[in-house]
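For reference, the structure is listed below as structure tokens.
Dropping the structure here:
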């Protein structure tokens with residue numbers, strides 16, 4: 001059977017439709033396993049709620065933290081949490097790559113007329129991300145309602161772009177590490193600690209040591225997908241560069257990760273070999 005020839009627009013529409021089918025399967029899974037879905041939502045509420053309780057206790061003793069008020073801190077936390085949940089829900093593929101290789105599923109993907117990376121993304125939605133996604137959005141809305149923020153159509157669109165950029169930055173960083181599994185049998189022991197570093201960016205970078213700030217901004221740029229877009233929405237005159245810097249960094253790190261992925265997939269040898 002010959003693969004139909006498509007131009008770039010036709011291919012884009014085809015892939016969006018195909019990914020829609022993956023999401024439909026994911027939504028059916030949420031409905032089918034209602035108990036698991038409710039537990040995931042409850043776990044997300046508890047996880048985020050515990051952090052909110054911690055921040056509430058801290059701000060009962062101090063008026064500001066590194067010149068950020070309580071509701072500003074909550075907004076930063078909410079945007080970072082939503083970005084991470086979006087990544088878990090839609091782009092959890094790096095955590096699944098090793099399993100796909102060991103089970104031989106990678107070999108099956110490589111003979112299909114769709115890119116392997118696209119398939120791994122489509123098959124790797126994470127149930128636990130749903131609860132955190134819901135609570136993250138609620139936290140953002142709640143904190144924004146208590147802040148003097150000017151919401152326009154462009155501000156709302158930037159917020160959407162920032163959240164998607166956050167998910168892409170996280171995905172690209174973890175994909176870069178997971179590609180090593182083409183040469184090393186077990187890499188998840190490195191993926192998880194790097195993933196946990198993102199939690200630092202749920203707070204203002206000023207409260208951390210300069211070395212950690214440099215690490216999270218220039219080496220593993222998680223802060224470009226969490227703290228800085230939130231800071232731009234809160235203080236646009238001070239962080240104006242984040243308007244273009246956040247999506248630009250997302251595009252750059254994704255391009256680098258995809259280049260490394262393409263190199264790795266060419267070096268991949270079948271488990272049957």
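In this note's numbering, the protein residues as written are 1 to 273.
No residue lacks a Cβ here, since even glycine has one placed at the ideal position from N, Cα and C.
None of the values given here were measured: they were computed from a predicted structure.
With 16 other Cβ atoms within 10 Å as the buried cut-off, status of residue i
{"i": "residue 31", "result": "exposed"}
{"i": "residue 221", "result": "buried"}
{"i": "residue 145", "result": "exposed"}
{"i": "residue 126", "result": "buried"}
{"i": "residue 11", "result": "exposed"}
{"i": "residue 88", "result": "buried"}
{"i": "residue 66", "result": "exposed"}
{"i": "residue 282", "result": "Look at the range of the chain in this structure, 1 to 273, and you will see that residue 282 is not part of it."}
{"i": "residue 253", "result": "buried"}
{"i": "residue 152", "result": "exposed"}
{"i": "residue 33", "result": "exposed"}
Contacting residues, own chain, Cβ-Cβ under 6 Å from residue i (five flanking each side not counted)
{"i": "residue 180", "result": "187"}
{"i": "residue 137", "result": "82"}
{"i": "residue 242", "result": "228, 229 and 232"}
{"i": "residue 20", "result": "none"}
{"i": "residue 256", "result": "none"}
{"i": "residue 268", "result": "182"}
{"i": "residue 101", "result": "none"}
{"i": "residue 213", "result": "205"}
According to DSSP, residues forming a beta bridge with residue i
{"i": "residue 68", "result": "65"}
7 Å Cβ shell around residue i - same chain, five flanking residues per side excluded
{"i": "residue 51", "result": "77"}
{"i": "residue 131", "result": "40, 41, 42, 43, 44 and 45"}
{"i": "residue 134", "result": "41 and 44"}
{"i": "residue 161", "result": "247"}
{"i": "residue 118", "result": "15"}
{"i": "residue 239", "result": "228, 231 and 232"}
Chain-order list of residues whose beta-carbon lies under 8 Å from that of residue i (same chain, five-residue window excluded)
{"i": "residue 116", "result": "106, 109, 110 and 265"}
{"i": "residue 174", "result": "94, 95, 191, 194 and 195"}
{"i": "residue 2", "result": "Because the pLDDT at residue 2 is just 49, under 50, the model does not fix this residue reliably, and the value given afterwards should be weighed accordingly. Cβ within range, chain order: n/a, list empty."}
{"i": "residue 207", "result": "65 and 66"}
Expected contact under 8 Å - CB spacing of residue i and residue j to nearest Å
{"i": "residue 201", "j": "residue 80", "result": "6 Å"}
{"i": "residue 23", "j": "residue 72", "result": "About 34 Å separates the two Cβ atoms, so there is no contact after all."}
{"i": "residue 49", "j": "residue 85", "result": "At roughly 14 Å, the Cβ-Cβ gap does not stay under 8 Å, so residue 49 and residue 85 are not in contact."}
{"i": "residue 143", "j": "residue 74", "result": "4 Å"}
{"i": "residue 205", "j": "residue 216", "result": "7 Å"}
{"i": "residue 178", "j": "residue 97", "result": "5 Å"}
{"i": "residue 263", "j": "residue 171", "result": "The pair is not a contact, with the Cβ atoms about 18 Å apart (cut-off 8 Å)."}
{"i": "residue 121", "j": "residue 250", "result": "Not quite, the Cβ-Cβ distance comes to about 15 Å (not below 8 Å), so this is no contact."}
{"i": "residue 123", "j": "residue 176", "result": "About 20 Å; that fails the 8 Å criterion."}
{"i": "residue 70", "j": "residue 59", "result": "4 Å"}
{"i": "residue 165", "j": "residue 99", "result": "Their Cβ separation, rounded to whole angstroms, is 28 Å, which puts residue 165 and residue 99 out of contact at 8 Å."}
Sequence ranges, alpha helix (DSSP H) only - wholly within the stretch 96-128, length at least 4 = 97-102, 105-110 and 116-122
In chain order, which alpha helix (DSSP H) runs of at least 4 residues are fully inside the stretch 194-219?
-> 210-214
Mind pulling the alpha helix (DSSP H) runs of 4 or more residues that sit fully within the stretch 136-194?
-> 153-178
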